[in-house]
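Just so we're on the same page, my numbering is the position in the sequence shown counted from 1, plus 189. One structure below.
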Amino acid sequence: MMDKAMFEKCKRASFIKLPGDDWARVDGFDPEEQKLYVHDEDSGEEYSFETEDLKDAIFYEIKEIKDV
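And the structure:
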């Protein structure tokens with residue numbers, strides 16, 4: 190079961206960094222299934238993660254760059 194903090198991270202994430210140097214682009218999050226769908230930036234492979242797979246991941250979101 191996904192806790193509230195992990196649920197919010199998954200909803201907002203644009204990219205995740207996995208242990209090591211693996212980066213994955215987030216393709217979507219299914220709140221009912223509680224799965225995060227990603228695209229590996231290095232291999233091009235697509236797969237999904239569940240809560241236990243994400244415990245050591247670092248989550249990133251994209252924010253608008255405003256005029257300076």
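We put the CB at the ideal spot given by N, CA and C, even for glycine.
Candidates P220, G209 and D192, of which the one nearest S237 by Cα: Residue P220 is the option with its Cα nearest to S237.
Quick one, which of Q223, G209 and P208 has its alpha-carbon nearest K198's? The residue with the shortest Cα to Cα distance from K198 is Q223.
Going along the chain, which residues of its own chain have a beta-carbon closer than 6 Å to the beta-carbon of I247, five neighbours each way excluded? So the qualifying residues of the chain are K206.
Pop quiz: F218 and K200 are said to be a contact at Cβ under 8 Å. What is the actual Cβ separation, rounded to whole angstroms? For F218 against K200, the beta-carbon gap comes to about 6 Å, under 8 Å, which counts as contact.
Spatially closest choice to G209 from D231, I254 and T240, by CA coordinates: Checked all of D231, I254 and T240; the closest Cα to G209 is D231.
Looking only at its chain, what residues have a beta carbon closer than 8 Å to the beta carbon of V227, apart from the 5 residues adjacent to it on each side? These residues qualify, in order along the chain: I205, A213, R214, V215, D216, E235, Y236, S237 and F238.
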